[in-house]
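For reference, the structure discussed in these notes is given below.
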Amino acid sequence: MGSQAEQRVGIVTGASSGMGLALTRHFIGKGWKIAMFDINDKVGNELVQELGPATSFHKVDVASYDSQAAGFLSVFEQHGRIDALLANAGIVDRSSLYILGHRANQVEDIPPAPDTLCTDVDFKGVLYGTQLAVHFMRHNPPALGGGAGEAAGNDQVKGRIVCTASVAGIVPHPSYPEYNGAKAGVVTFIRGVAGVLKVKEQIHINCVCPGIVATSIIPPEMVAAVQPEYMTAVDTVVRGYEEFLDEKDQRFGVVVEASVDEVLEVSEGRLANGKASEPAVTVWDPLFKMLHGEGSGLKNAIP
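When the letters of the sequence shown are read in order and numbered with numbering that gives the first Met the number 0, they come out as residues 0 to 302.
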């Protein structure tokens, strides 16, 4: 029987291309079993034939909770556990919020509603995946859900979640207003849930924010317009994931920027009025219990 590292099971979303495919290839090479989630079943099934028995393909629309749930259940039934969710799937804006082409409209000629698929995939897909990961990771066998770091005396980790956001979720890109909001939502979401997931579930959630990477969602002309020394290597993004998924890594709620060839932690912003504003974002445990059914378990919670 192989080592625990060789037995680890991960789900990669958006796995059929770009950074998702790079993550899939990398962790297969590290001895993982990888379940590939993507809507492109033709490419996905071809990749499974290429990558071999350590992979499986599941046609999943991450914007659909039911679709993700069916995928998670299939993986758990196949392997008996899920050690990591690599929530990588993402797209950019599918319509223009600026509605510049509608300047000539009469006041009663309302522009069409924006296409919010970017929010559904990039933000809601992460929320859905996180909730499902929590559910299934609760059922991981204790001996296999952790790793070498836990055996050395650290708290046992039942599972790990790493999400792909973007540097545009930290400093916005005017070309992609919806994408900015969705990725900023992911950054704030993981920071907000990380403490509770660590204390209540022994699940670590973190976030990688890539710079500009030459993938299919970036027009090649835009890639060509960027100075080569400012392009982010896919390997840098993969390294950010690898560091978070290392069995000895004990971080949670951490955001890193994967830029060019550097993986750098990004500090959380501070409110301008300091301690006077802190109570507004500090857990009051009676409210937490009212909303979630039990206390938060956070040390800094107001009783």
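We put the CB at the ideal spot given by N, CA and C, even for glycine.
Contact check between the segment 102-110 and the segment 169-182: fewer than three CB pairs, one atom from each, fall below 8 Å, which does not count as touching. Annotated three-state conformation of Asp121 is helix, per DSSP.
Looking from the CA of Ala132, the closest CA among His101, Ala83, Ile90 and Ala164 belongs to Ala83. Gly252 and Ile204 do touch by the CB rule: their CB atoms are close to 7 Å apart, below 8 Å. For Val262, the enclosing beta strand (DSSP E) has its first and last residue at Glu261 to Glu264.
Per the C-alpha coordinates, the member of Glu45, Leu50, Gly17 and Val42 positioned closest to Ile33 is Leu50.
Runs of the beta strand (DSSP E) spanning 3 or more residues and lying entirely within the segment 40-104 occur at 54-58 and 83-86, in chain order. Cβ-Cβ distances below 7 Å link Lys123 to Ala62 in the same chain, with the five nearest sequence neighbours on each side left out; the list follows chain order.
For Glu256, the closest of Gly70, Ala300, Val233 and Arg93 by C-alpha to C-alpha distance is Val233. Excluding the 5 residues flanking it on each side, Asp40 has same chain C-beta neighbours closer than 6 Å at Lys58, in chain order. In the structure shown, Thr23 falls within a helical segment according to DSSP collapsed to helix, strand and coil. Apart from sequence neighbours up to five positions away, no residue of its chain approaches Leu72 with a beta-carbon distance below 7 Å. For Val74, the closest C-alpha among the options Glu241, Val8, Ala213 and Pro278 is that of Val8. Val282 is a Cβ neighbour of Leu297, given a cutoff of 8 Å. Approximately 5 Å separates the beta-carbon atoms of Thr118 and Ala181; this is inside 8 Å, confirming the contact. Counting only runs of 3 or more residues that sit fully inside the segment 182-248, the beta strand (DSSP E) segments are 202-209, in chain order. In this structure, DSSP gives Ala257 an extended state, which the three-state scheme calls strand.
Around the C-beta of Glu76, fewer than 16 other C-beta atoms lie within 10 Å, and the residue is accordingly described as exposed. Taking the CA atoms as reference points, Trp31 sits about 25 Å from Ser165. Residue pairing by DSSP puts Val161 in a beta bridge opposite Leu85 and Asn205. Per DSSP, the unbroken beta strand (DSSP E) holding Phe36 starts and ends at Lys32 to Asp37.
Looking from the CA of Pro227, the closest CA among Leu85, Tyr240 and Ser258 belongs to Ser258. A straight line joining the alpha-carbon of Val280 with that of Lys157 spans about 27 Å. In the same chain as Arg238, and ignoring 5 residues on each side of it, the C-beta atoms closer than 8 Å to its own belong to Ala257 and Val262, in chain order. Our two residues, Arg24 and Asn104, have alpha carbons roughly 50 Å apart in a direct line. Taking all protein chains in view, the Cβ of Pro209 is crowded by 16 or more other Cβ atoms within 10 Å, so the residue is classified as buried.
At the C-beta level, Ser15 and Leu46 come within 8 Å of one another. In the DSSP assignment, Thr12 falls within the unbroken beta strand (DSSP E) covering Val8 to Thr12. Taking C-beta atoms as the reference points, Tyr175 and Val91 count as a pair closer than 8 Å.
In summary, Ile301 is exposed, with fewer than 16 beta-carbon neighbours lying within 10 Å of its beta-carbon over all protein chains present. Cβ neighbours of Gly294 within its own chain (closer than 8 Å, five residues either side excluded): Asp284, Phe287, Lys288 and Ala300.
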